[in-house]
Amino acid sequence: MFEAHFGLTATPFARDIPVEHLFVSQAHREALARLHYVAERRRVMVLTGEVGAGKSTALRRLKAELDATRYEVVYLADVAFTPRSFFQSLLDALRLDAPHALPKLKKLAREALAERWRTQHRTPVLLVDEAQFLSPAMLEEIRGLLNYDCDAFAPFALVLCGTRALAERLALRSAEALAQRIDLRYHLSGFSPQETAAYIRHHLKLAGADQELFTAKALDHIHRACNGLPRPINQLAHLCLMAAAARQEHLVDHELVEAVMATEWQAPQAAGR
185 MFEAHFGLTA TPFARDIPVE HLFVSQAHRE ALARLHYVAE RRRVMVLTGE
235 VGAGKSTALR RLKAELDATR YEVVYLADVA FTPRSFFQSL LDALRLDAPH
285 ALPKLKKLAR EALAERWRTQ HRTPVLLVDE AQFLSPAMLE EIRGLLNYDC
335 DAFAPFALVL CGTRALAERL ALRSAEALAQ RIDLRYHLSG FSPQETAAYI
385 RHHLKLAGAD QELFTAKALD HIHRACNGLP RPINQLAHLC LMAAAARQEH
435 LVDHELVEAV MATEWQAPQA AGR
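Numbering (our numbering), first residue to last: 185 to 457.
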């Protein structure tokens, strides 16, 4: 295993990093500031970003940072949501028994969200991930869910999270009614070259590295190949460490990065759909 070769105590670039150890870039800090505002003010936000930009990581961090006595975070993610499955999932997350009939499902969901705010004084924060896959019917259901007291009051916050395709769908005339209810939009960009280097070093340090394992030129190659996107960076850096260990090398240089890119790795597309 390459971990022993490099004297690491854990596998770097893993998914199960504790929230408090996640690397936060400038773009992530800006996204989180807006997400907190949306939760506090019970607003509607659209968070977009390329595939692998760390959108779900931002949602994960938000959930960890919100005070559980004041907020109830509901994370919903399904690429094939129907109105029935959406409201079923929402009620399941709120720990409520769901009726079979769709009209009763929708009515109970609306009442439950309002009840959390009015009697428990907790703000439900709905995080709908992979929202680029929502059908026109689902977008209309979400628009309807936002209608309280003639649009004068909202008992919950809503974040729709997805790729650029989500923004494109919301720009269509069929989604205009929902688009007009969006208060904030933020597009999560990739790391800067300096952030990519800091990100890789951060993960290696968490795994127990006590010395540099990548040359500066190798880090630059990885940044450019991955467009500064965290998920591809994880994949490419991991493959490079494996290749270096197999060659009995203790430092990843740019030539090794190029060799791995040529034989073992698929570059990310410029824009996620």
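A virtual CB, placed ideally from N, CA and C, is assigned to each residue, including glycine. Note that the structure is a prediction, hence the values are computed from the model and not measured.
Ordered along the chain, which non-local residues of its own chain (more than five positions away) have a Cβ less than 8 Å from that of residue i?
i	result
residue 277	258, 259, 260
residue 241	206, 212, 414
residue 283	289, 292
residue 363	354, 355
residue 302	339
residue 223	246, 250, 255, 307, 309, 341
Excluding five sequence neighbours on each side, which residues of the same chain lie with their C-beta closer than 7 Å to the C-beta of residue i?
i	result
residue 265	318, 322
residue 441	402, 405, 406, 424
residue 377	404, 407
residue 361	327
residue 239	231, 233, 345, 372
residue 272	282, 289
residue 438	399, 401, 402, 405
residue 455	Low confidence applies to residue 455: its pLDDT is 43, below 50, so where it sits in the model is not reliable enough to give any reading.
My assumption, with CB atoms under 8 Å, is that residue i sits in contact with residue j. Please give the rounded CB distance.
i	j	result
residue 393	residue 190	7 Å
residue 339	residue 365	Their Cβ separation, rounded to whole angstroms, is 14 Å, which puts residue 339 and residue 365 out of contact at 8 Å.
residue 306	residue 254	6 Å
residue 275	residue 296	7 Å
residue 294	residue 329	7 Å
residue 443	residue 409	Contact doesn't hold; Cβ gap of about 12 Å is too wide.
residue 324	residue 270	That pair is no contact at about 12 Å.
Under DSSP, the alpha helix (DSSP H) around residue i begins and ends at which residues?
i	result
residue 206	Run containing residue 206: none; DSSP gives neither H nor E here.
residue 400	400-410
residue 380	377-390
residue 356	Here residue 356 belongs to no alpha helix (DSSP H), and DSSP marks it neither H nor E.
Tell me which residue opens and which closes the beta strand (DSSP E) that residue i is part of.
i	result
residue 369	368-372
residue 188	Note, residue 188: premise wrong, no beta strand (DSSP E); alpha helix (DSSP H) at 186-190.
residue 397	Unbroken run through residue 397: none, as it is neither H nor E.
residue 194	Careful: residue 194 lies outside any beta strand (DSSP E) and carries neither H nor E.
residue 361	Per DSSP, residue 361 belongs to no beta strand (DSSP E); it is in the alpha helix (DSSP H), 360-363.
residue 341	341-346
Given a cut-off of 9 Å on the beta-carbon distance, is the pair residue i and residue j in contact?
i	j	result
residue 216	residue 249	yes
residue 194	residue 390	yes
residue 372	residue 313	no
residue 230	residue 347	no
residue 201	residue 422	no
residue 309	residue 368	no
residue 436	residue 427	yes
residue 418	residue 197	yes
residue 252	residue 374	no
residue 341	residue 228	yes
residue 298	residue 332	yes
In chain order, what residues of the same chain lie with their CB nearer than 6 Å to the CB of residue i, ignoring the 5 residues before and after it?
i	result
residue 268	286
residue 379	209
residue 358	320
residue 218	368, 370
Which full runs of the alpha helix (DSSP H) of 4+ residues lie inside the segment 262-330, going along the chain?
267-277, 286-302, 320-329
Completely contained alpha helix (DSSP H) runs for the segment 412-437, where each covers 4 or more residues
414-430
Complete alpha helix (DSSP H) runs within the segment 199-251 (minimum length 4 residues, chain order):
210-225, 239-249
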